[in-house]
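Accompanying notes for the structure given below.
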Amino acid sequence: MELRLTAARQRTSVNALIRGKLGIRKKVTSKAEFWKKLDSFAKHLAQKYPHTDLSAKLIETRYEQ
2 MELRLTAARQ RTSVNALIRG KLGIRKKVTS KAEFWKKLDS FAKHLAQKYP HTDLSAKLIE
62 TRYEQ
């Protein structure tokens, strides 16, 4: 009953109200934050595997299948 009253106050349907409460909201990151994280990850990998060409390894694993 409470959902019906809330939906009436907001002038929406009960289904729309429930979808709004249950909907998954993704965390949006900015481009700058994304590139900053990607750069830090790349630096970490470069330190961990100093003499490895990751592009060559990716191509190699792609054609192994």
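Residues 2 to 66 (our numbering) make up the sequence shown, in order.
From the three backbone atoms N, C-alpha and C, an ideal C-beta is built for every residue, glycine too.
For clarity, every value in this text was computed on a predicted model and none was experimentally measured.
Residue j beta carbon less than 8 Å from that of residue i
i: LEU4; j: LEU23; result: no
Expected contact under 8 Å - CB spacing of residue i and residue j to nearest Å
i: LEU46; j: LEU39; result: So it is not a contact: roughly 11 Å between Cβ atoms.
Host alpha helix (DSSP H) of residue i (start-end)
i: ASP40; result: 32-49
i: TYR56; result: According to the sequence as given, residue 56 is Ser; it is not Tyr. Counting along the chain, the alpha helix (DSSP H) containing SER56 begins and ends at 55-65.
i: GLY21; result: 15-23
i: ARG10; result: 3-11
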